[in-house]
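>
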Amino acid sequence: MSRRAHSSSPPSSPRLAKRPRLDFEPLTSEDYKNGIVLAPMVRSGALPTRLYALKHGASLVWGPETIDKAILHTTREVDPSTGVISYVGKTKAIFTTHPIEKPYLIYQIGSSDPETAVQAAKMVMQDVAGFDLNCGCPKPFSTHAGMGAALLSNPDLLCSILTSLREAMPPEISISAKIRLLPTQEETLKLVERIIDTGVSALTVHCRTRSMRKREPVLIERLREIVEFVERLGRGVAVIENGDCEGFEDALRIRQVTGAHSVMIATAAEANPTCFSPTPLVDLEKTFIPAYIRLCKHLNNHWSSTKFCTSQFKGPHVTASKADLKAIRDAIQHAKCYEDMDAHAVPWTGEEEFQEIVNVLESRRRPYAPLLLPPTNSTTETFETQSQQDEMQISQNTTPVEVDDDLKTPPIGTPDPSVLRAPLMPANELRMPMPAFITGELTTPTPTPSASQSTMFLV
Ligand SMILES: Cc1cc2nc3c(=O)[nH]c(=O)nc-3n(C[C@H](O)[C@H](O)[C@H](O)COP(=O)(O)O)c2cc1C
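Going by UniProt numbering, the letters in the sequence shown line up with residues 1 to 459, in that order.
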């Protein structure tokens with residue numbers, strides 16, 4: 001726990017001198033670089049989508065914007081059989097996560113008040129790697145309360161929220177901001193400099209102005225100057241391009257045009273969470289949607305969320321017949337619960353889908369990530385880094401992947417006491433035991449997938 005966040009005792013206190021054991025390396029600016037990241041998406045950026053994005057190569061994932069006040073009155077509940085952590089409000093979970101995504105999870109806050117933002121951050125800090133402030137949402141529900149894109153015209157407030165978060169959070173929690181372009185480049189650079197001065201690790205620039213609509217093409221030609229400006233400031237802050245990226249190949253193009261350190265994807269990932277991979281899945285109705293539904297059932301994801309997300313999935317059709325596609329689409333449309341999907345999702349092997357994701361995440365470790373983009377200063381011909389080549393090999397390989405010991409994530413360790421004190425949801429004894437690296441019971445071997453389960457990337 002943070003000294004600053006949780007105690008007013010003097011720093012000399014012996015109790016406070018003891019620092020907690022971190023269960024993963026904290027994020028630095030470097031971890032925001034050379035990657036393709038999943039954008040914050042209300043409704044669409046649900047936990048199962050984030051897990052699949054990570055499995056298929058997203059280097060970090062942003063959670064959906066959560067308004068600061070909304071999380072304050074929630075109760076943290078942990079499902080002991082799946083490990084899913086839910087922040088439950090009066091009627092529903094406001095935010096849901098899982099410890100396996102924690103090293104990669106950026107929680108996005110909607111706020112117009114520094115104190116409330118800090119209170120909200122303290123509520124969830126044990127479950128996330130970083131916080132991002134939404135300074136780009138142009139929707140009236142956000143702007144009328146001074147949040148989102150309204151902060152762009154109130155830089156004092158915007159920066160005081162970031163400063164307060166930076167001061168209140170321990171150093172191992174990173175802070176970032178997501179903005180839109182201001183009408184002129186000069187104003188944008190001024191704002192960017194102020195934001196960088198608050199101590200953020202990364203800045204995402206959605207390359208549209210506040211008044212631009214989604215159908216209007218992004219102004220990525222304005223980004224290079226911003227990136228170079230940030231680099232000249234010398235703090236090492238990562239600049240992430242956002243807007244109109246279609247997937248892995250496109251991210252390479254965008255980086256070439258803009259010089260951005262990383263690229264963030266929303267709409268294309270909403271349609272296909274595997275788009276981060278150089279070999280994204282096709283025929284999603286056959287290859288991806290059934291697996292996604294199985295994982296959702298295993299994680300007890302609310303059916304309405306699963307139904308909404310699956311109804312957004314679309315991708316190229318290569319071998320699937322029109323009849324196949326229509327059958328599953330119709331079934332999803334009419335289904336009222338998971339059991340209504342039996343014909344398409346049986347056998348319900350959600351544990352295996354989950355285990356495959358655990359395996360992939362165990363096999364990567366920051367700053368290594370399977371789909372790192374080449375550094376911005378490398379030549380464009382050398383697109384495929386070793387890790388990308390490895391990943392492509394993995395994606396074509398149906399045999400279990402041998403993971404070098406050096407690349408294994410260190411055990412995550414015993415859940416922190418706050419996890420154990422959290423109210424527990426009813427256990428489901430039929431569930432697969434939690435992997436040892438999550439429970440910390442190192443005498444229990446992590447379940448080993450059978451050969452048939454080890455078809456990574458061939459869900
Ligand atoms: C379904 C959906 C939900 C979104 N929710 C958020 C959000 O919670 N916070 C945010 O900053 N932006 C949100 N956005 C905007 C995206 O993060 C992103 O800035 C924008 O869509 C441009 O990226 P794209 O061209 O890849 O879609 C959302 C976009 C979509 C499509």
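Beta carbons are placed, not taken as given, at the ideal position from N, Cα and C, and that holds for glycine.
Just to confirm my understanding: we take Ala268, look at its own chain, exclude 5 residues before and 5 after, and list those with CB closer than 7 Å. What are they?
Cys245, Glu246, Gly247, Cys275
> I need the DSSP call for Lys92, collapsed to helix, strand or coil.
coil
> Whole angstroms is fine: what's the gap from Asn242's alpha carbon to Cys337's?
35 Å
> In whole angstroms, give me the CA-to-CA distance for Ile109 and Thr188.
In this structure, the alpha-carbon of Ile109 lies about 22 Å from that of Thr188.
> Regarding Gly89 and ligand 1, is the C-beta to nearest heavy atom distance less than 7 Å?
no
> Does the beta-carbon distance from Ala70 to Ile36 come in below 8 Å?
no
> Provide the residue span of the beta strand (DSSP E) that contains Phe131, from first to last.
Looking at the DSSP string, the run of the beta strand (DSSP E) that includes Phe131 is 130-135.
> Could you name the residues of the same chain whose beta carbon sits closer than 7 Å to that of residue 461, not counting the 5 residues immediately before and after it, in chain order?
Because the chain in this structure spans residues 1 to 459, residue 461 falls outside the shown range and cannot be described.
> Taking buried to mean at least 16 other C-beta atoms within 10 Å of its own C-beta, is Ala202 buried or exposed?
buried
> Determine the extent of the alpha helix (DSSP H) in which Ser142 is found, giving its start and end residues.
140-143
> In the DSSP output, which residue or residues are listed as bridge partners for Ile293?
Bridge partners of Ile293 according to DSSP: none are assigned.
> Identify, in the order they occur along the chain, each residue of the same chain with its Cβ nearer than 8 Å to the Cβ of Thr163, setting aside the five sequence neighbours on each side.
Pro114, Thr198, Gly199
> Given this structure, state the Cα-to-Cα distance separating Ser395 from His144, to the nearest angstrom.
Legend: pLDDT at Ser395 = 36, less than 50; position of this residue unreliable, value from coordinates given subsequently. Rounded to the nearest angstrom, the gap between the Cα atoms of Ser395 and His144 is 46 Å.
> Once the 5 residues before and after Arg235 are set aside, which same chain residues still bring their CB inside 7 Å of it?
Ile196
> Apart from the five residues on each side of it in sequence, which residues of its chain come closer than 6 Å, Cβ to Cβ, to Arg224?
Thr258, Gly259
> Given a cut-off of 8 Å on the beta-carbon distance, is the pair Tyr104 and Leu60 in contact?
yes
> In this structure, how does DSSP classify Val78 when only helix, strand and coil are distinguished?
Val78: strand per DSSP, three-state reduction.
> Under three-state DSSP, which class holds Met264?
strand
> Counting C-beta neighbours from all protein chains within 10 Å, is the total for Arg50 16 or more, i.e. buried, or is it exposed?
buried
> Tell me the start and end of each unbroken alpha helix (DSSP H) in the region 199-278 that is at least 4 residues and wholly inside, in chain order.
223-233, 248-258, 267-271
> Would you report the Cα separation of Gly146 and Ala117, rounded to the nearest angstrom?
13 Å
> On the criterion of 16 or more Cβ atoms from any shown chain inside 10 Å, does Ser304 qualify as buried, or is it exposed?
exposed
> Distance check for Phe288 and Pro280, CA to CA, integer angstroms please.
10 Å
> Compare the beta carbon distance of Arg194 and Pro155 with 8 Å and say whether it is the shorter of the two.
yes
> With 16 as the cutoff for other CB atoms within 10 Å, does Val318 come out buried or exposed?
exposed
> If you compare alpha carbons, which of Lys178, Leu133, Lys139 is closest to Ile161?
Of Lys178, Leu133, Lys139, the residue nearest in Cα terms is Leu133.
> So what's Leu105 in DSSP terms, helix, strand or just coil?
strand
> Within the continuous alpha helix (DSSP H) that includes Arg166, where are the two ends?
155-168
> Compare the Cα-Cα distances from Lys102 to each of His302, Ser174, Leu165 and report the closest residue.
Ser174
> How far does the beta strand (DSSP E) with Arg180 in it reach, from first residue to last?
174-181 is the span of the beta strand (DSSP E), which, as asked, contains Arg180.
> Find out if the Cβ-Cβ distance for the pair Leu284, Asn272 is shorter than 8 Å.
yes
> Taking only three categories from DSSP, how would you classify Ser44?
coil
> Counting only the same chain and skipping the five closest in sequence on each side, list residues whose C-beta sits under 6 Å from that of Gly315.
Asn272, Val282, Leu284
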